[in-house]
Amino acid sequence: TSLATPREAGLLGTDVGLPMLMLSRHSIDGQGEPVEWVRSVYRGDRYKFVARLKRPTD
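Have a look at this one:
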């Protein structure tokens, strides 16, 4: 998570300092070289994050 910066708050129509959901993604090619890095920020008051964890079966 992060807090909305003035720029992010302006772009997303919210208040500065609102808790935000921040996701980052790193993509690599077949040789392991980085080809993409993405940082996405979502309004914390508009999204719900759910993680379902399962223990692997052996």
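Numbering-wise (the working numbering), the sequence shown opens with residue -9 and increments by one. All C-beta atoms in this analysis are idealised placements derived from N, C-alpha and C, irrespective of residue type, glycine included.
Asked: With a Cβ-Cβ cutoff of 9 Å, do L2 and R29 count as a contact?; Found: no
Asked: If you follow the beta strand (DSSP E) that L13 is in, where does it begin and where does it stop?; Found: P9 to I18
Asked: Contact between the stretch 35 to 44 and the stretch 1 to 21 is defined here as three or more beta-carbon pairs at a separation below 8 Å; is this criterion met?; Found: yes
Asked: Between the C-alpha atoms of G22 and L13, what's the straight-line distance to the nearest angstrom?; Found: 21 Å
Asked: How long is the line joining the alpha carbons of L11 and L43, rounded to whole angstroms?; Found: 20 Å
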